[in-house]
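**Q** I have a structure here, written as structure tokens, and I will follow up with some questions on it.
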Amino acid sequence: MGIHERNCGDKLPLILNNNSVSPHSFQINQPNIIHQPFYTMQKWFIFLGNSLLLKKQGDSYSVPEADETPTPTFEWTTIQELPMLDNMPCKAYSLTTPPRNGLPESFVTVDLRQSYYLLPRAHYYMAAKASELLYWDNGTRYCGVCGAPMKRHTAISKQCTHCGKEVWPQVAPAIIVRIKKAATHDADGNIIEPEKILLVHARNFRHSERMGLVAGFVETGETLEECVVREVHEEVQLDITNIRYFGSQPWPYPCGIMIGFTADYVSGNIHLQEEELSRGSWFSRDKMPEIPDKMSIARQLIDDWLHEPQLAEGDKTATAQS
Ligand SMILES: [Zn+2]
Numbered sequence: 084m085g086i087h088e089r090n091c092g093d094k095l096p097l098i099l100n101n102n103s104v105s106p107h108s109f110q111i112n113q114p115n116i117i118h119q120p121f122y123t124m125q126k127w128f129i130f131l132g133n134s135l136l137l138k139k140q141g142d143s144y145s146v147p148e149a150d151e152t153p154t155p156t157f158e159w160t161t162i163q164e165l166p167m168l169d170n171m172p173c174k175a176y177s178l179t180t181p182p183r184n185g186l187p188e189s190f191v192t193v194d195l196r197q198s199y200y201l202l203p204r205a206h207y208y209m210a211a212k213a214s215e216l217l218y219w220d221n222g223t224r225y226c227g228v229c230g231a232p233m234k235r236h237t238a239i240s241k242q243c244t245h246c247g248k249e250v251w252p253q254v255a256p257a258i259i260v261r262i263k264k265a266a267t268h269d270a271d272g273n274i275i276e277p278e279k280i281l282l283v284h285a286r287n288f289r290h291s292e293r294m295g296l297v298a299g300f301v302e303t304g305e306t307l308e309e310c311v312v313r314e315v316h317e318e319v320q321l322d323i324t325n326i327r328y329f330g331s332q333p334w335p336y337p338c339g340i341m342i343g344f345t346a347d348y349v350s351g352n353i354h355l356q357e358e359e360l361s362r363g364s365w366f367s368r369d370k371m372p373e374i375p376d377k378m379s380i381a382r383q384l385i386d387d388w389l390h391e392p393q394l395a396e397g398d399k400t401a402t403a404q405s
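With the sequence shown counted from 1, adding 83 to any position gets you our numbering.
Here's what the structure looks like:
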């Protein structure tokens, strides 16, 4: 199953349930969080739907800082505790509708993805964490075993008020893999075909021209490496080897983590899984199509290959193609 097919729950509804547990029952049993006499100012990660509220001053954007919630909240609004950032406590909450009197002056709404390009990296990742925690909070108001209300136990756990079941935020892991096909040479060692990587276009990519990498959700009971092999076989029917870990990235859309790998092509012709992919082929460095945004690990994997030091073969490539 591909990365774009599955959600780990319903989308955040725009209207919160009035029966939500009041914030007073969400006392967090962490003395170091409750007793904070030394901090008055806090960073506030506020969401309005899928957008983040930022303060705009000239061309610069920042996470609002205030001693109290910068916007009106409802009795049932959950204030989510976050770790410290820049030596300042951080909190998050979600608004279902814009404040009646409008947003505070100089506040703007920014898509969470867009905030990657506007905020310091650590602030974006804290916003991402906030988004995932609010999503989790909204989806775990009642116990999945007995249906009783859940009560906040720690900043990142809840416990059922009736049967005691505990829940923590769940993360949906997905692999993404860059497959490399080695250059081919003639008898004299001249390059016939340069080194290439596989790029595919998923049917639900938001950009029609953009090409990305094979990706998919990890299934229960399989290793990450098994998932890489399975996804590649399902989506393009290629055999690969040399699977190596590249890096990972939280992907708060809504609660994922992308785990990046590199691999080498062994054999097979590309046969696309038609339901998921509309295009897929091998691309050399000098003929790259439109590729994903810089914020994604897909782009980091592709850039890493594009910037690999080229051996003397690089010159031969140019010669062979001229
Ligand atoms: Zn229960």
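Glycine residues also receive a C-beta, built at the ideal position from the N, C-alpha and C atoms.
At what residue ranges does the segment 270 to 328 contain a whole run of the alpha helix (DSSP H), taking only runs of 4 or more?
**A** Here the runs fully enclosed are 307 to 319.
**Q** Per the DSSP calculation, Q393 is bridged to which residue(s)?
**A** Q393 pairs with nothing; no bridge assigned.
**Q** Count the C-beta pairs between the segment 296 to 304 and the segment 248 to 267 that are closer than 8 Å, then say yes if the count reaches three, no if not.
**A** Flag = yes, the segment 296 to 304 and the segment 248 to 267 touch.
**Q** Could you work out which residue in I380, I262 and A346 is closest to G363 when comparing CA atoms only?
**A** That would be I262, whose Cα lies nearest to the Cα of G363.
**Q** Does at least one heavy atom of ligand 1 sit under 8 Å from the Cβ of G247?
**A** Yes; taking the cut-off as 8 Å, the Cβ of G247 has a heavy atom of ligand 1 nearer than that.
**Q** Taking the alpha helix (DSSP H) that E215 falls in, what are its first and last residues?
**A** It spans R204 to G222 - the alpha helix (DSSP H) in which E215 sits, taken as one unbroken run.
**Q** To the nearest whole angstrom, what separates the beta carbons of T152 and W127, a pair I think is in contact under 8 Å?
**A** With 8 Å as the limit, T152 and W127 qualify as a contact, their Cβ atoms being about 7 Å apart.
**Q** Going by DSSP, what residues sit across from D347 in a beta bridge?
**A** Looking at the DSSP assignment, D347 forms a beta bridge with K263 and T324.
**Q** Could you check how far apart the C-beta atoms of F329 and G339 are, in whole angstroms? I think they sit under 8 Å.
**A** At roughly 16 Å, the Cβ-Cβ gap does not stay under 8 Å, so F329 and G339 are not in contact.
**Q** Which partner residues of S143 appear in the DSSP bridge assignment?
**A** S143 pairs with Q140.
**Q** Taking only three categories from DSSP, how would you classify D194?
**A** The answer is strand: DSSP assigns D194 an E or B state.
**Q** Is it a yes or a no for the segment 275 to 292 touching the segment 367 to 385, going by three-plus beta-carbon pairs under 8 Å?
**A** Because the criterion of three Cβ pairs below 8 Å is met, the segment 275 to 292 and the segment 367 to 385 touch.
**Q** Is any heavy atom of ligand 1 found at a distance shorter than 8 Å from the C-beta of A265?
**A** No - ligand 1 has no heavy atom lying nearer than 8 Å to the Cβ of A265.
**Q** Quick check: what's the CA-CA separation for W251 versus D369?
**A** C-alpha separation (whole angstroms): 46 Å.
**Q** Buried or exposed: where does R235 fall if 16 or more other Cβ atoms within 10 Å of its Cβ makes it buried?
**A** Buried.
**Q** Could you tell me whether the Cβ atoms of R196 and D376 are closer together than 9 Å?
**A** For R196 and D376, yes; Cβs fall inside 9 Å.
**Q** Tell me which same chain residues have a C-beta within less than 7 Å of the C-beta of F366, skipping the five on either side of it?
**A** Excluding residues within five positions, the ones whose Cβ falls inside 7 Å are K279, I280, L282 and P372.
**Q** Give a single yes or no on whether V191 has its beta carbon closer than 8 Å to a heavy atom of ligand 1.
**A** False, no ligand heavy atom lies under 8 Å from that Cβ.
**Q** Among T154, Y199 and T192, which has the Cα closest to the Cα of N184?
**A** Nearest of T154, Y199 and T192 to N184, Cα basis: T154.
**Q** Could you tell me the distance, in whole angstroms, from the CA atom of P276 to the CA atom of Y208?
**A** Note on residue identity: the sequence assigns Glu, not Pro, to residue 276. Those two C-alpha atoms are separated by around 41 Å.
**Q** Excluding the 5 residues flanking E148 on each side, which residues of the same chain have their C-beta closer than 6 Å to its C-beta?
**A** Closer than 6 Å at Cβ, skipping near neighbours: M124 and K126.
**Q** Following the continuous beta strand (DSSP E) through E164, name the residue where it begins and the one where it ends.
**A** Residues Q163 to L168.
**Q** Could you tell me how far apart the beta carbons of E318 and L360 are, in whole angstroms, since I believe they sit closer than 8 Å?
**A** Between L360 and E318 the Cβ distance is about 6 Å, and since that is below 8 Å, they are a contact.
**Q** Can you tell me whether P181 is buried or exposed? The criterion is at least 16 other CB atoms within 10 Å of its CB, across all chains shown.
**A** Exposed, by the Cβ-count rule.
**Q** Excluding sequence positions up to five away, which residues of its chain have a Cβ less than 8 Å from the Cβ of I239?
**A** If we look at I239 and ignore the five residues flanking it on each side, its Cβ neighbours are L216, W251 and P252.
**Q** Could you tell me which of I380, V311 and C229 sits nearest to Y348, measuring between CA atoms?
**A** Selected option, being the one with the closest Cα: V311.
**Q** Give the straight-line distance between the Cα atoms of S189 and N287, rounded to the nearest whole angstrom.
**A** When rounded, the distance between both Cα atoms is 35 Å.
**Q** Is there at least one non-hydrogen atom of ligand 1 closer than 8 Å to the beta-carbon of G339?
**A** No, since every heavy atom of ligand 1 falls outside the 8 Å radius drawn around the Cβ of G339.
**Q** As a quick exercise: from S145, L165 and K264, pick the residue whose alpha carbon is nearest that of K212.
**A** Ranking the options by Cα distance to K212, first place goes to L165.
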